[in-house]
Structure formats: C-alpha cells, structure tokens
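Just below is one structure, and these are the notes that go with it.
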Amino acid sequence: MSSTAAAANIHADLHCHSCHSDGVLTPRAVVERAAAQGVAMLALTDHDQTGGLLEAAAAADIHGVHLIPGVEVSVSWGRTTVHIVGLGIDLTDPVLQRGLEQVRSGRMNRARRMAAGLAAVGIDDTLDGALAHASNPALISRTHFARHLVERGVSPNMRDVFSRYLVEGKPGYVPHEWASLADAVAWIRGAGGVAIVAHPARYRLGDLGMHALLSAFKEAGGVAIEVTTSNHTADDVQHYARLVLEFGFEASRGSDFHGPGESANVELGRVAPLPRELTPVWQRFLA
Ligand code: AMP
Ligand code: MN
Ligand code: MN
Ligand code: MN
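Residue 259 in the numbering used here sits at position 250 of the sequence shown; the count goes up by one each step and never skips.
Okay, structure coming up:
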C-alpha cells in the first residue's frame with residue numbers, strides 16, 4: 010500500500026475545539042470523546058491560543074490517540090474573516106505565541122461593543138452572560154454570546170441566533186481586524202507547522218475571490234485546505250477537491266466540533282473521508 014493510501018485509511022479529525030476557546034468540553038474530555046468515537050489521529054485547534062494542548066497531549070497518551078498540536082488563527086482577508094489552521098506547531102515558539110497574543114488582545118473590547126449593539130435593540134446585559142459561558146475570558150467570542158442568547162430564549166438555536174444577531178449587518182456584529190494572512194502563515198511555519206485554510210465554503214468570496222485567497226495563501230507558504238468538514242456539502246467537497254488539485258495543495262479533514270449536540274450532525278470523527286485522489290495532509294505526521 011502506498012503511504013498516501015495508508016494515510017487515507019487513518020481515522021483522522023484535524024479540527025476541533027475545547028473550552029480554552031469556544032468549545033464546551035475540557036481538552037481531556039475532547040480527547041476521551043474522540044477516542045470513544047474511534048478517532049486515531051486528532052488535532053485540537055482552539056481559536057488563537059494553544060492553552061489546551063498540554064492537557065490534551067496527556068489524555069491522548071492515556072487513550073492511545075495520536076494528538077497533533079494545532080491552532081486556528083483568525084485572519085482578516087480584506088473585509089472577510091478567514092480561519093487558518095496550523096498543525097504540528099511547536100507551542101513554545103515565542104513568535105507564534107506573541108502573534109496569537111496580539112490576535113487575542115482585541116477580543117474583550119470587541120465583546121463590549123457587541124453587547125452595546127445588542128443593548129441598542131433592547132437585549133441588555135449580554136456581556137456578563139456571555140462571559141459566564143467563557144472559561145477563558147481572553148477568548149470571548151461570538152459563540153459565547155450565541156450560547157447566552159439561546160439560554161435567554163432570544164433565539165431557539167445557534168444557527169438562528171447567528172443569522173439574526175451575530176453576522177455582518179446585524180446588531181451584535183462588530184467588524185474586527187484580525188491577523189494578516191501572511192503573518193498567520195508565517196507564525197505557523199516558523200513554529201514548524203503546516204498552514205491549512207479552514208472550511209473554505211464558509212467564506213462568501215465568489216470564484217475570483219477564492220482564487221485570489223488561495224493564490225495568496227500558497228504564495229505565503231500554505232500547503233493544504235480542508236476539503237471534508239462538517240459544514241461542507243457533497244458539492245462543496247467536489248469543488249474544493251478540484252481546487253486542491255488545481256493549486257497543488259494537500260487536503261485536510263476535520264469536524265470543527267465545538268460541543269455535544271450543539272450543531273446538528275457535528276460530532277468528533279464524524280466527517281466524510283477525503284476523495285481518494287487527494288493527498289491527505291496528515292501523511293506528514295506519520296513519518
Ligand atoms: P469569533 O471568533 O468571535 O468571530 O467567533 C467565530 C465562531 O463563531 C466560529 O469559530 C464558530 O464557532 C462560530 N460561528 C460562526 N458562524 C456561525 C454560525 N452561523 N452558526 C454557528 N456558529 C457559528
Ligand atoms: Mn469556533
Ligand atoms: Mn473556523
Ligand atoms: Mn474551528
């Protein structure tokens with residue numbers, strides 16, 4: 010069997026979150042759940058920080074899971090927020106850590122402005138409520154506001170609350186300047202990692218915009234894009250598989266799990282296999 014075929018057969022989930030960012034479970038519980046789901050290789054990829062990785066690594070040792078240290082960096086690409094996953098990073102790398110700290114630093118101020126926007130439409134006192142859901146206040150995110158608003162009965166579910174209150178043009182949305190694409194990729198590469206475009210179908214860029222993003226990403230040293238992820242349809246998978254081949258990228262696969270039962274059909278390890286013609290990015294971690 011070729012190494013690509015061997016890698017393709019590994020049950021890999023290379024994108025998920027713990028309570029160190031906007032997930033619900035502790036890193037240990039994420040690893041335990043992944044093991045129970047039969048995941049052999051797992052990357053914990055919390056947003057803009059790496060604080061859960063040591064706990065995850067200890068749990069992975071106990072459960073025989075191959076843990077890949079990861080991170081999901083928030084990037085501003087023009088007016089579009091793009092997420093870049095870094096895998097195989099050295100979490101002690103000082104340039105990466107300084108960069109992530111800088112990305113995190115604007116979150117609390119943004120959260121105050123989000124709360125002000127919601128108050129302006131009559132939904133008061135959301136900051137404390139959102140913070141009550143955030144075990145790591147430095148990573149206060151739209152997800153924590155969403156959980157609070159659902160809990161308050163403002164919206165029936167996460168999907169609804171995002172579309173009514175938390176996306177561009179809605180009262181709780183505050184535009185934010187994240188890292189540049191070039192910086193995010195450079196931090197990841199500098200820390201010995203590989204950079205991957207997360208959930209590409211989420212970005213409303215159009216064909217030309219997506220080509221421009223992928224060209225800039227490749228130019229910066231990015232190597233892969235997520236092809237199978239929970240929010241990609243079968244058509245999305247085909248579309249991004251073609252782009253992988255066109256750009257000479259490798260392909261990644263990840264559930265983007267945030268918590269049990271939070272979004273329909275999102276579960277650790279439950280994500281379609283990659284199309285066979287693609288090179289799995291995790292082949293790099295098998296050597
Ligand atoms: P932030 O980094 O604060 O802008 O929050 C972004 C997070 O919100 C993402 O990582 C997702 O976890 C979550 N998110 C974004 N859009 C949606 C959506 N439409 N439905 C559910 N969760 C979403
Ligand atoms: Mn998230
Ligand atoms: Mn993301
Ligand atoms: Mn994610």
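Even for Gly, the Cβ is constructed at its ideal location relative to N, Cα and C.
Quick caveat: nothing in here was measured; it's all calculated off a predicted structure.
Through-space distance from residue j to residue i, alpha-carbon basis
| i | j | result |
| --- | --- | --- |
| Gly-201 | Ala-66 | 18 Å |
| Ala-125 | Thr-89 | 23 Å |
| Ile-149 | Ala-129 | 20 Å |
| Val-194 | Val-82 | 9 Å |
| Glu-177 | Gly-73 | 42 Å |
| Phe-294 | Ile-77 | 8 Å |
| Ala-229 | Ile-132 | 42 Å |
| Arg-121 | Lys-179 | 15 Å |
| Ala-69 | Ile-93 | 24 Å |
| Ala-296 | Leu-217 | 37 Å |
| Pro-269 | Ala-38 | 11 Å |
| Ala-225 | Ser-172 | 29 Å |
| His-241 | His-153 | 23 Å |
| Tyr-174 | Arg-151 | 10 Å |
| Thr-237 | Leu-140 | 32 Å |
| Ile-98 | Leu-51 | 14 Å |
| Thr-101 | Leu-127 | 38 Å |
| Gly-115 | Gln-106 | 15 Å |
| Leu-34 | Ser-144 | 10 Å |
| Thr-59 | Arg-113 | 12 Å |
| Leu-63 | Val-203 | 19 Å |
| Gly-32 | Val-91 | 19 Å |
| Gly-138 | Ser-11 | 52 Å |
| Gly-79 | Met-219 | 24 Å |
Other residues of its chain near residue i: CB distance less than 6 Å, five sequence neighbours each side excluded
| i | result |
| --- | --- |
| Arg-42 | Leu-277 |
| Leu-158 | Ser-164 and Val-170 |
| Pro-209 | Ile-234 and Tyr-249 |
| Ser-261 | Leu-23, Ile-205, Ala-233, Glu-235 and Val-290 |
| Thr-288 | Thr-13 and Glu-259 |
| Phe-266 | Cys-25, Val-275 and Leu-277 |
7 Å Cβ shell around residue i - same chain, five flanking residues per side excluded
| i | result |
| --- | --- |
| Arg-156 | His-142 |
| Phe-258 | Val-232, Ala-233 and Ile-234 |
| Gly-61 | Ser-27, His-29, Pro-36, Leu-53 and Asp-55 |
| Gly-108 | Ala-188, Asp-192 and Trp-196 |
| Leu-214 | Thr-89 and Leu-222 |
| Met-167 | Ala-155, Val-159, Glu-271 and Ser-272 |
| Trp-256 | According to the sequence displayed, residue 256 carries Phe and not Trp. Cβ within range, chain order: Leu-223 and Lys-227. |
| Ala-16 | Pro-289, Trp-291, Gln-292 and Leu-295 |
| Leu-136 | Ala-120, Arg-121 and Ala-124 |
| Ala-243 | none |
Pick from the options that is closest to residue i, judged by C-alpha positions
| i | options | result |
| --- | --- | --- |
| Val-280 | Ser-11, Thr-13, His-24 and Gly-268 | His-24 |
| Ile-71 | Ala-45, Ser-272, His-26 and Gln-58 | Ala-45 |
| Asp-134 | Leu-109, Ser-144 and Arg-161 | Arg-161 |
| Pro-103 | Ala-296, His-20, Arg-168 and Gly-199 | Gly-199 |
| Gly-181 | Asn-18, Leu-34 and Arg-119 | Arg-119 |
| Lys-227 | Gln-247, Asp-244, His-241 and Val-253 | Val-253 |
| Glu-110 | Asp-57, Leu-127 and Ala-139 | Asp-57 |
| His-185 | Met-50, Gly-263, Ser-85 and Gly-47 | Ser-85 |
| Leu-96 | Asp-244, Asp-31 and Ala-207 | Ala-207 |
| Gly-87 | His-220, Leu-190 and Arg-211 | Leu-190 |
Same chain only: Cβ atoms within 8 Å of residue i, ignoring 5 sequence neighbours per side
| i | result |
| --- | --- |
| Met-117 | Pro-146, Ala-147 and Ile-149 |
| Val-246 | Val-236, Thr-237, Ala-281 and Pro-284 |
| Val-48 | His-20, Ala-21, Asp-22, Val-74, Leu-277 and Gly-278 |
| Ser-264 | Asp-22, His-24, Cys-25, Thr-238, Ser-239, Val-275, Glu-276, Leu-277, Gly-278, Arg-279 and Val-280 |
| Glu-286 | Ala-250 and Leu-254 |
Reduced DSSP secondary structure (H/G/I, E/B, other) of residue i
| i | result |
| --- | --- |
| His-56 | strand |
| Thr-35 | coil |
| Asp-265 | coil |
| His-72 | helix |
| Ala-129 | coil |
| Leu-109 | helix |
| Ala-43 | helix |
| Leu-62 | helix |
| Ala-120 | helix |
| Ala-21 | strand |
Unbroken stretches of the beta strand (DSSP E), 3 residues or longer, contained in the stretch 77-104
DSSP runs (the beta strand (DSSP E)) wholly in the stretch 77-104: 89-96.
Extract the residue ranges of the beta strand (DSSP E) inside the stretch 134-183, only unbroken runs of 3 or more that lie entirely within it.
Complete beta strand (DSSP E) runs here, min 3: none at all.
In chain order, what are the residue ranges of uninterrupted beta strand (DSSP E) at least 3 long that sit wholly in the stretch 180-263?
Here the runs fully enclosed are 203-206, 233-238 and 259-263.
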